[in-house]
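Notes follow once the structure below has been shown.
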Amino acid sequence: MISKKLYTGFLILCVVLFAVCTVLTDFSPMTLFANSDAFWEFITEDFLPPALPKASRIPGVFESVLVTLALAMSATTVAAILAFVVSLFGSEKVSPFPRFAKIVRGFATFLRNIPALVWAFILFSSLGIGTGVGFVALCITSFAFMVRAFVETMEDVSQDCVESLQAVGASFPQRVAQAILPSCLSGFLSWFLYCVEVNIRASTIVGMVGGGGVGLTLFSYIKSFQYDIALSIILLIAVMVIAVDRVTSKLRKEILK
Amino acid sequence: MSENHNECISFPASRQGRHKIPVKCRQRNRFIPAFLIGVAVLSVLSLIYLDIDWPKLFSRVPDIGVVFWQLAHLDVSRMDLVLSSLVETISIAVLSLLYSLLLGIVFGMLAARNVFHVPMLSTLTQSFFTFLRAVPTPVWVLLMLVCLGMGPEAGVAGLCVHTTAFFTKSFAQSFESIPDETIEALEATGTGRLSIFFNAVLPASLSQIVAWAGMRLETNFSECAILGMVGAGGIGYVISNSLQGYDYGTAGIAILLVFLVAYSIERVFVRIKKKFY
Amino acid sequence: MEPILKFEQVSKHYPNGVHALKNVSFEVHEGEFISVIGPSGSGKSTLLRAINRLIPISAGTVSLEGEAVSGQHGRGLRRLRRKVGMIFQNYNLVYSLSVLQNVLHGRLGYMSGLKGIFGMYSEQDKREALDLLTELGMDQFSYNRASDLSGGQKQRVGIARAIMQNPRLLLCDEPIASLDPSSAKTIMDLLRDLSQRRNIACIVNLHQLDVAMKYSTRIIGLCKGEIVFDGPPAALDEATIEKIYGTSRENLMIGGKLDDAKNTADCA
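Residue numbers (UniProt numbering), protein chains in the order written: chain S, 1 to 257; chain Z, 1 to 277; chain U, 1 to 268.
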C-alpha cells in the first residue's frame, strides 16, 4: 500500500505545515469570527446594494473595460508570436542549435517565475506609469509561459516528423513550415487562448497599480471609499471574465475539432 | 479557397495538366485560418485603440538596463526584513491553501451533482463560485483589507476566496468522475449520503485532490507575492516599497528570493509528477 | 565499382557513457538488400542514423558515394541526405497534412527555401507523387489526412515519401515493428520490389530473424555495437545467432524454423 503511506505522509505534512504557518503568521481564524459582526455590517452597509457610478462616468467605465480587453488581447498576440519564434530554439530535438536550447529555456524559466506584477513594478520604475508598461509586463510573463508550453507541445507532437523531414534533407525553415506548424498549430492556439484568459485577469491587476483599464477604475473607487460603486465594477469585471472564458472555451472546441 | 476545394472533386480533369494539381486535404479545419485572421485583426485594432506612445517607450528602454544593473547590486543590509516577509508570504500561501483545501472539499461536495442529487444546490454553488473565481485575487484581498484591516488575516482570507472557488470547481469535477455504479452499489445497501461521500467518493478522488493542491501552491505563492503590492504585507510590499524608495539593492534580493522559491516549487512538482505519472 | 556506402572504423559514444558503435566497418554496393539484426540496444538505430547524420559519429568516416558525411554542413549535408531515403518504425508522418503532402515532403531536399516553406511543389513532382501513390495502391487516399490511415497504409506513405527523394540508398528503421503480420508482409514485399525495380540499395533494421532470412541478400549481426556477423543469410548458423543475441535459439521467438522462413509473423 504505497499510496496509503503516501496519503498519510501528505496529511501529516499538511498538519505540520498548518501548525508552523499558523505560529509564524500569528493567524487565527477566530479573529475572523470575532470580527464577523463588524465584517457583516461593513458588507451590508457599505457594499450592498451595488450602486452605479455617476451617469457621466459610465462611458468612461466601459472604455476602461475595453482598454483591459485590448491590453490582454494585443499583449497575448505579440507574446505568442515572439514565443513561437523563440520556442523553435528551445527544444534540443527541434532547434538547429541544440546546445543553446537549455539557455533559451532557462531564460524563459527566469522570466516566468517572477510574477507579472513584479515585472510591472520593475518596469514602472524604469519606463514610468502607463498602458504601454502594462502591455510590456503582460507580454513578458505570457511570453515566458508560452515558450514553455510551445516547447512541450513541439516535443510531444512533432519530434518524429521533424526527424523524418531532417532525413529528407529539408532545411530548418522548411521543417518549421511543413512539419512543426501543421502538426502543432491547434495545440499552440489552445495555449494561446488559455493565455488570453489568464491575461484578462492579469491586465485587471496590472491596471490596479498603474497600467490603466478597469483595474485602475476599481482601485480609484476603493481608494475614495465608494464601496458600493466598487462592487458594481467588481460585478462588471466578473461578467467580463466569465464572458471571455465562455468565448475561449467555444473557440477551443472549434480549433481542436 | 473554395475554388481549390472544387478542384479536389474534379480531380481527373485536373490531372491532365490543365489546372494546378491540389495537394491539400479534402477535409481540413477551415476554422483555424478564420480564427488566425480574426485574432490578427483584433490585436491590431487593440493596439491602435490602446494608443501606446511607442517612441517614448522605446526611448526609455535603456533605462531598463540601468534598473537591472542597480537591481543586480544585491544589498543584504536589510536581509532580516526581507527574510521575515518572505516567510510571512510563504506562510500565508500555505495557510490559505490548507484552509481552502478543507473548504473546497465541503463546497465541492455541495457542487458535485452525484453526491446529494439536488441539482438546484449544485447549480447554485457552482455559479456562485464561478463568480468568485472570475474576480482576480488581488481585488478580493483589497476588499478584505478594507474589511479586516492590515495583517495576515486579510491576506489569508482574500487568497482563500479565489483558491476555494478554484478547488470547488476542480474537486466537484473529480467527484463527478467517480463511476455512478460505485455510488449506486452503496446506496443499495442503505448507506447515508454523507457516509457514501466520505467512504467512497472522497478516497477515490484523493490522488486528484493532492495533484490539484500541488498545482495550486505554485499559483498561490506568486499571487501571494504580489499581494503586498496592492497594500497587504509580505515580500511584495518590500519589493514595491524599496523600488519606489530607490532602494534597488533590497528590491533585487527580494525579487531574487521570490524567483528562487517559485522556481523550487516548480521543480519539486515537476519531479513529483514525473515520478507518479 | 565504387560502393554506395562505406563505414570505416566508425565509433559512437553518447555523453551518458553508452558505447553504441565500436569500430564498425562495412561497405554497401548497388542492388544489395541488407538486414541488420541484433538485440535491443545493440546499436542498430544508431548505425542507421549515423549514415545520414541524424546522429553525429564520434570517430571514423562514413562516406556516401565517396563523399564523407561527417564533414558536411548546411547545404552539403542536405544534398547528401536527399540521396538517402529513410523509413521509420512510427512512420513519422505529419498527421495533420494530406497523404499527398506527406509524399511530396520527399522533394523538400531538392527545393529552394521559400518554395519548400510554402509547399509550392512543381506540377511534375505532384504527378510523380500521384503515380507513386497509385503504384502503392494508395491513390484513393491521396487527399485524406494522414492521421486517418491504418498502420500499414501509413507505412506505405512513408515508403512513398522516401522513394520521392530518388534515393540511392534506403534506410528502414524497424519498418514492420508496429504492424500486424499481414501488413508487415505487404510492406516487406513492397520494399524488396521497389528497391529492385529502382535499383536502390536497402538497409533494414529488423527484430524478426525469419523476415531477415527471407528477404535479404546479406545480413549484418550487431551485438553491443560491434559487427559479429556479416554475410549471406545462408551462412547464418546457430552459433552465430547465439553470439548475436547472447542466448541460444530455443530462447528466441523467431516465428518458424530457420530454414522454414515462410511465416512472416510479427514477433517483435
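C-beta atoms are modelled at their ideal positions from N, C-alpha and C, and glycine is treated no differently. Keep in mind that this is a model prediction, so the values were computed, not measured.
For residue j and residue i, believed in contact at Cβ under 8 Å, the rounded distance
{"i": "valine 56(S)", "j": "leucine 50(Z)", "result": "Strictly speaking, residue 56(S) in this sequence is serine, with valine absent from that position. About 24 Å separates the two Cβ atoms, so there is no contact after all."}
{"i": "leucine 108(U)", "j": "alanine 170(S)", "result": "4 Å"}
{"i": "leucine 21(U)", "j": "glycine 38(U)", "result": "Contact doesn't hold; Cβ gap of about 11 Å is too wide."}
{"i": "phenylalanine 198(Z)", "j": "alanine 262(Z)", "result": "Their Cβ separation, rounded to whole angstroms, is 35 Å, which puts phenylalanine 198(Z) and alanine 262(Z) out of contact at 8 Å."}
Neighbouring residues, chain U, relative to residue i (Cβ below 7 Å)
{"i": "cysteine 161(S)", "result": "Asn92, Leu93, Val94"}
{"i": "glutamine 166(S)", "result": "Leu54"}
Min CB distance residue i to chain Z below 7 Å
{"i": "valine 241(S)", "result": "yes"}
{"i": "glutamate 45(S)", "result": "no"}
{"i": "isoleucine 140(S)", "result": "no"}
{"i": "glutamate 197(S)", "result": "no"}
{"i": "leucine 82(S)", "result": "no"}
{"i": "methionine 1(S)", "result": "Only weak support exists for where methionine 1(S) lies, its pLDDT of 48 falling under 50; the value from the coordinates is given anyway. Chain Z contact via Cβ: absent."}
{"i": "phenylalanine 143(S)", "result": "no"}
{"i": "glutamine 101(U)", "result": "yes"}
{"i": "leucine 236(S)", "result": "no"}
{"i": "threonine 204(S)", "result": "yes"}
{"i": "aspartate 260(U)", "result": "Its pLDDT being 40, under 50, aspartate 260(U) is placed unreliably in this model, and the value from its coordinates should be taken loosely. It does not: the Cβ of aspartate 260(U) has no partner Cβ on chain Z nearer than 7 Å."}
Residue-chain proximity (residue i, chain U), Cβ-Cβ < 7 Å
{"i": "lysine 56(Z)", "result": "no"}
{"i": "alanine 179(S)", "result": "yes"}
{"i": "valine 23(Z)", "result": "yes"}
{"i": "proline 96(S)", "result": "no"}
{"i": "proline 53(S)", "result": "no"}
{"i": "glutamine 174(S)", "result": "yes"}
{"i": "glutamate 3(Z)", "result": "Annotation note: pLDDT 38 at glutamate 3(Z) (below 50); position unreliable, no value reported."}
Within chain U, partners of residue i - CB distance below 9 Å
{"i": "phenylalanine 20(Z)", "result": "Inspection of the sequence shows that residue 20(Z) is occupied by lysine rather than by phenylalanine. The contacting residues are Glu123, Lys126."}
C-beta neighbour in chain C for residue i, strict 7 Å
{"i": "glycine 151(U)", "result": "Looking at the structure shown, chain C is missing, and the protein chains on hand are S, Z and U."}
Contacts of residue i in chain U (Cβ-Cβ under 8 Å)
{"i": "proline 182(S)", "result": "Val94, Ser96, Leu97"}
{"i": "arginine 26(Z)", "result": "Ser98, Tyr143, Asn144"}
{"i": "alanine 170(S)", "result": "Arg78, His105, Leu108, Gly109, Gly116"}
Paired residues, beta bridge with residue i - DSSP
{"i": "cysteine 223(U)", "result": "Glu226(U)"}
{"i": "glycine 231(U)", "result": "Ile219(U)"}
{"i": "threonine 61(U)", "result": "Glu8(U)"}
{"i": "serine 35(U)", "result": "Val204(U), Ile219(U)"}
{"i": "alanine 68(U)", "result": "Ser63(U)"}
{"i": "histidine 162(Z)", "result": "BP columns for histidine 162(Z) are empty, so no partner."}
{"i": "arginine 145(U)", "result": "Ser98(U)"}
{"i": "leucine 17(S)", "result": "Leucine 17(S) pairs with nothing; no bridge assigned."}
{"i": "glutamate 27(U)", "result": "Lys6(U)"}
{"i": "leucine 21(U)", "result": "Lys12(U)"}
Chain S contact residues for residue i, given Cβ-Cβ distances below 9 Å
{"i": "valine 210(Z)", "result": "Leu6, Tyr7, Phe10"}
Interface partners of residue i on chain S, CB under 7 Å
{"i": "methionine 80(Z)", "result": "Here residue 80(Z) turns out to be aspartate, not methionine, going by the sequence shown. Those do not exist, as aspartate 80(Z) stays about 15 Å from chain S at its closest Cβ, beyond 7 Å."}
{"i": "tyrosine 263(Z)", "result": "Thr109, Asn113"}
{"i": "arginine 271(Z)", "result": "Within 7 Å Cβ-Cβ: nothing; arginine 271(Z) doesn't reach chain S, min ~15 Å."}
{"i": "threonine 164(Z)", "result": "Simply none; closest approach about 13 Å."}
{"i": "methionine 229(Z)", "result": "Leu117, Phe121, Val209"}
{"i": "glycine 119(U)", "result": "Gln178"}
{"i": "serine 43(Z)", "result": "Met73, Ser74, Thr77"}
Closer than 8 Å at the beta carbon, the chain Z residues around residue i
{"i": "tyrosine 110(U)", "result": "What tyrosine 110(U) touches in chain Z: nothing, since even the nearest Cβ is about 16 Å away."}
{"i": "glycine 221(U)", "result": "What glycine 221(U) touches in chain Z: nothing, since even the nearest Cβ is about 37 Å away."}
{"i": "isoleucine 129(S)", "result": "Going along chain Z, no residue has its Cβ under 8 Å from isoleucine 129(S), so there is no contact; the nearest lies around 11 Å."}
Closer than 9 Å at the beta carbon, the chain Z residues around residue i
{"i": "arginine 201(S)", "result": "Ala134, Val135, Pro136, Thr137"}
Cβ of residue i within 7 Å of any chain S Cβ
{"i": "proline 119(Z)", "result": "no"}
{"i": "threonine 60(Z)", "result": "Threonine is not the amino acid found at residue 60(Z); the sequence shown has arginine there. Yes, contact with chain S."}
{"i": "arginine 82(U)", "result": "yes"}
{"i": "glutamate 88(Z)", "result": "yes"}
{"i": "proline 259(Z)", "result": "Correcting the residue type first, residue 259(Z) is phenylalanine in the shown sequence and not proline. Yes, phenylalanine 259(Z) counts as interfacial toward chain S."}
Under 8 Å by beta carbon: chain S residues contacting residue i
{"i": "residue 285(Z)", "result": "Examination of residue 285(Z) is not possible in this model, given that chain Z is present from 1 through 277 alone."}
{"i": "glycine 113(U)", "result": "Ser171, Pro173, Gln174"}
{"i": "glutamine 165(U)", "result": "Val168, Gly169"}
{"i": "phenylalanine 116(Z)", "result": "Correct list: empty, because the minimum Cβ distance to chain S is about 25 Å."}
{"i": "methionine 86(U)", "result": "Ser164, Ala167, Val168"}
Listed by chain order, chain Z residues near residue i by CB distance under 7 Å
{"i": "tryptophan 125(S)", "result": "Looking at the sequence shown, residue 125(S) is not tryptophan but serine. By Cβ distance, chain Z contributes Val67, Leu243."}
Which complete alpha helix (DSSP H) runs does the segment 152-215 of chain U hold, if anything under 4 residues is left out? 181-197, 209-215
Kindly provide the ranges of any alpha helix (DSSP H) runs that are 4 or more residues long and lie completely inside the segment 39-110 of chain Z, ordered along the chain. 54-59, 61-72
Of all the beta strand (DSSP E) runs that stay within the bounds of the segment 73-117 of chain U, which reach a length of 3 or more residues? 84-87
Quick check for students: name the residue ranges of the alpha helix (DSSP H) that lie wholly in the segment 78-144 of chain S, counting only runs of 4 or more. 101-112, 116-127
Considering only residues of the segment 132-210 of chain Z, which uninterrupted alpha helix (DSSP H) runs meet the minimum length of 4 residues and lie entirely inside it, listed in chain order? 137-148, 152-176, 180-188, 193-196
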